[in-house]
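Engineer: A single structure is presented below for examination.
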């Protein structure tokens, strides 16, 4: 109880510290924020030292540094937990849709509004608060804890696989814990057992060598923006299925049991529609929204750019058009294979009069784990203690590409316990994290350490 | 001959003056250049006074001012010519494709490189040089000349129609001369007898209320960028014909005589392909490129924007997608009618899950004139004198929306004598005007005044 009381007593300070971290615009996708990512790493290392981790290092990589913090004073035979998270954040654009500046955290209506609040700084920091509470109250933890917090998750963790391999001895653990996901509903603790993979592509269509006057040339020159539109329009059929040959070959279909478990969850299609604010939902025929998001692969356009997009009318026939296209993948699709079939298919759709280039920008494998073993059992009990009800097993539609690497490189099971909530706007304007979940999450993690004793 | 010698003697100074004007970034499409457009108008008025026009006014409108300059000292019975042009220019973007800054004119390889060089400052200024030469050498012109130079041509001349109506007495003339077009080939003087009209639209597709995480929601939410791509892809059929119901109803088909005249022009498809630098040309089936550009209506995408378009990969499911779409129109299409059928058709293509808004940004009617009468005959002789060969009658694919208004409001015939050249990059990076045509154009206009005596 002392640990829990410590956390409650220090809630305000904990939140202030998190806000300090959120003020650092550690955007990994933009090279001009290189210094900010370094600063965010150093900030975290400083806090790790302050709460009493024994060894804290900011380890340089070919990209942004990795922060490693260790506390290894648990009784012999106690398990070692590795806590993985990331301190980098998504770009905040479009800026004019934020109600408050993305890097000036605002606490309002029980939410912390800031880029990175829930994805993933808030969820990383609550683990450190759990450690701090144990060390402050008991001088020790019942388990060994190793933090591994990287700065390139939002760009596909290009350097972490190598890092894991190079530090495999130091990172040896009994389980990996990740909090970078959401709960199914407010107050309903959730363990995530599946994630979708990702193949993120850029399609570039080149028509004429330079922009042309659409009057002087229009009608005789193939318009690259129209060519791109035609290519994109052919990637789904009328049932919302993706038309790329071979795309579904390895898709593991949902079992009837899994579909029944999904149907039993507290979910209303209309609630999701209201949450996203679209006039209607839509997707692959024959599936509900939860199935579509958890267990069906997708193809989305993430960005489009061509010609003149400013104020007013410019009569230009553009030289080129670009689309960012990403596919969410499910077990047992392989993102390298999907990249290949995507590239082949898109190039086969290129009309005469333009050239089409396709580049794979980043990718990650889908993941699914049966929820069993000592860590899962302890996690279930800890969440039940903190939230007063048993957790549900869920999946997420998003990707944490590194989950696979942990399993493969460290040979340890991975458990995903998320403290985000639906509608939290991760990757979108007005990202927020529930203040309650920030605090209850710290309590759940503190309880988990005890359950693992 | 004295007039011609005067022009030759002063070539260097004339070019320097033009460059001074080109340095003013008089971009009408961007409100932040309001002061620059005013400055460009005042600069021209100053030059008109300096060469000896009798009355020069910079007349305020609801938008950018109109410059009016008059010389009315011709013998009784002499005709009055109205010279129309524009001092506003297109936006210079994309800036990184310019070999030299767009508003720092560079003379190189016989070309003046600058935004507005050929469209339309260079072509306006050569008329003033012709007037200057006559006044300097003879103290008088054989005809009355009225300049009318506006600052909103590139945004559809929203205020000029009203201006013409309000100043109809002052602007009364026997013919309107416009130099804002190109010659068919270098050294081949050309009179333009047809222009395409324009209907410029913006299509906005809204899906979810805000940008979403493409992992957390992808598959269950209709992607507005894909919806836009599907709409755009349905606007042409496999033969390159536009599918909008009613679109071709009023199109005047080419006569066999017109097709024969086009076939007789010195034109190679491969030359056009090389000029535009595309891997192949393409367009409506059954027509050659000159026919497609001169006499067939088009539908082009001028701009596309959705989601994340910066460096790297951002996994966003965008809230909205935008396309700028313009249609070039031919006699007897009516741009108001085309706007209506476009809006109706595009809205009818909106899939469930998104809302579609369509806005008409600007438009203008197509134009065609039989090349006959006193002014045309004099223009043919003057061009033959300046270039040593008879001019050809051509059309242009671009639009000068105000041409119709001149005919209707002033009741005067319009003659278009262009001194641009193919490949001049009007509306594109590295716009240029031929130095020779700037000087020969002034000679041709000076000769025209004599031919009209």
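Residue numbers (my numbering), protein chains in the order written: chain A, 576 to 1028; chain B, 576 to 1028.
Even for Gly, the Cβ is constructed at its ideal location relative to N, Cα and C.
Quick check on residue 761 of chain A: buried or exposed, where buried means 16 or more other Cβ atoms within 10 Å of its Cβ?
Structural biologist: exposed
Engineer: Where residue 869 of chain A and residue 960 of chain A are concerned, what is the direct C-alpha to C-alpha distance, given to the nearest angstrom?
Structural biologist: 27 Å
Engineer: In terms of DSSP beta bridges, what is residue 779 of chain A paired with?
Structural biologist: Paired residue(s): A:897, A:932.
Engineer: Since residue 726 of chain A meets chain B, which of its residues come closer than 9 Å, beta carbon to beta carbon?
Structural biologist: The premise fails here: residue 726 of chain A is roughly 14 Å from chain B at the closest Cβ pair, so nothing lies under 9 Å.
Engineer: For residue 962 of chain B, name the three-state secondary structure that DSSP assigns.
Structural biologist: helix
Engineer: Residue 637 of chain B versus chain A: which residues are under 8 Å apart at the beta carbon?
Structural biologist: In chain order: nothing, as chain A lies at least about 16 Å away.
Engineer: Using a 10 Å radius around the Cβ and a threshold of 16 neighbouring Cβ atoms, would you call residue 801 of chain A buried or exposed?
Structural biologist: So residue 801 of chain A ends up on the buried side.
Engineer: Any Cβ of chain B within less than 8 Å of the Cβ of residue 887 of chain A?
Structural biologist: yes
Engineer: What residue from A:752, A:941, A:815 has the CA that sits closest to residue 766 of chain A's CA?
Structural biologist: A:752
Engineer: So which of B:981, B:1023, B:909, B:684 has the shortest CA-CA distance to residue 958 of chain B?
Structural biologist: B:1023
Engineer: Counting beta carbon pairs with one atom in the segment 928-944 of chain B and one in the segment 762-782 of chain B, are three or more of them shorter than 8 Å?
Structural biologist: yes
Engineer: Spell out whether any CB of chain A is found under 8 Å from the CB atom of residue 760 of chain B.
Structural biologist: no
Engineer: Can we say the segment 685-698 of chain A touches the segment 997-1009 of chain A, given the rule of at least three CB pairs closer than 8 Å?
Structural biologist: yes
Engineer: Scan the segment 775-809 of chain A for residues whose Cβ lies nearer than 7 Å to a Cβ of chain B and list them as they occur along the chain.
Structural biologist: Within the segment 775-809 of chain A, the qualifying residues are 775, 782, 783, 784, 785, 786, 787, 788, 789, 790, 791, 792, 793, 794, 795, 796, 797, 798, 800, 801, 804, 805, 807, 808.
Engineer: Quick check on residue 665 of chain A - is its C-beta less than 8 Å from some C-beta in chain B?
Structural biologist: yes
Engineer: Can you grab the Cα-Cα spacing for the pair residue 790 of chain B / residue 803 of chain A, in whole Å?
Structural biologist: Rounded to the nearest angstrom, the two C-alpha atoms are 23 Å apart.
Engineer: Only counting runs of 4 or more residues, tell me where the alpha helix (DSSP H) segments fall wholly within the segment 728-789 of chain B, in order along the chain.
Structural biologist: As far as the segment 728-789 of chain B is concerned, its whole alpha helix (DSSP H) runs of at least 4 residues are 735-741.
Engineer: Thinking just about the alpha-carbon of each residue, which of B:698, B:1017, B:679 is nearest to the one in residue 670 of chain B?
Structural biologist: B:679
Engineer: For residue 1034 of chain A versus residue 878 of chain B, is the C-beta distance shorter than 8 Å?
Structural biologist: Residue 1034 of chain A lies beyond the residue range present for chain A, which begins at 576 and ends at 1028; the question has no answer from this structure.
Engineer: Find the residues of chain A that neighbour residue 927 of chain B, judging by a C-beta separation of less than 7 Å, and give them in chain order.
Structural biologist: Near residue 927 of chain B (Cβ distances below 7 Å), the residues of chain A are 855, 857.
Engineer: Beta carbons nearer than 7 Å to chain B: which residues of the segment 686-705 of chain A have them?
Structural biologist: none
Engineer: Using 8 Å for Cβ pairs, my map puts residue 619 of chain A next to residue 724 of chain A. What's the rounded Cβ distance?
Structural biologist: 6 Å between Cβ atoms; contact.
Engineer: If you follow the beta strand (DSSP E) that residue 683 of chain B is in, where does it begin and where does it stop?
Structural biologist: 681-683
Engineer: Please list the partners that residue 529 of chain B has in chain A, where partner means a Cβ-to-Cβ separation under 8 Å.
Structural biologist: Not covered by the structure: residue 529 of chain B. The range shown for chain B is 576 to 1028.
Engineer: Under 8 Å, Cβ to Cβ, is there at least one residue of chain A near residue 974 of chain B?
Structural biologist: Yes, contact with chain A.
Engineer: Would you verify that the beta carbon of residue 879 of chain B is, or is not, closer than 8 Å to some beta carbon of chain A?
Structural biologist: yes
Engineer: Is residue 1002 of chain B helix, strand or coil when you go by DSSP?
Structural biologist: coil
Engineer: Would you call residue 813 of chain B buried or exposed, if buried means 16 or more other Cβ atoms sit within 10 Å of its Cβ?
Structural biologist: Residue 813 of chain B comes out exposed.
Engineer: Measuring CA to CA, which of B:942, B:862, B:975, B:995 is closest to residue 816 of chain B?
Structural biologist: That would be B:862, whose Cα lies nearest to the Cα of residue 816 of chain B.
Engineer: Please report the straight-line C-alpha distance between residue 769 of chain A and residue 866 of chain A, rounded to a whole angstrom.
Structural biologist: 12 Å
Engineer: Give me whichever residues DSSP pairs with residue 1007 of chain A in a beta bridge.
Structural biologist: According to the DSSP secondary-structure assignment, residue 1007 of chain A is paired through a beta bridge with A:688.
Engineer: Mind checking which residues open and close the beta strand (DSSP E) that includes residue 917 of chain A?
Structural biologist: Where residue 917 of chain A is concerned, there is no enclosing beta strand (DSSP E), although the alpha helix (DSSP H) it sits in stretches over 910-923.
Engineer: State the DSSP-derived secondary structure class of residue 843 of chain B, mapped to helix, strand or coil.
Structural biologist: In the structure shown, residue 843 of chain B sits in coil (DSSP, three-state: anything other than H, G, I, E or B).
Engineer: Let's see if you can read the secondary structure: which residues bound the beta strand (DSSP E) around residue 969 of chain B?
Structural biologist: 967-971
Engineer: Return the chain-ordered ranges of every alpha helix (DSSP H) run that is complete within the segment 802-861 of chain B and spans a minimum of 4 residues.
Structural biologist: Those alpha helix (DSSP H) runs which fall completely within the segment 802-861 of chain B and span 4+ residues are 831-839, 844-851.
Engineer: Would you call residue 1030 of chain B buried or exposed, if buried means 16 or more other Cβ atoms sit within 10 Å of its Cβ?
Structural biologist: Any question about residue 1030 of chain B goes unanswered here, given that chain B covers just 576 to 1028.
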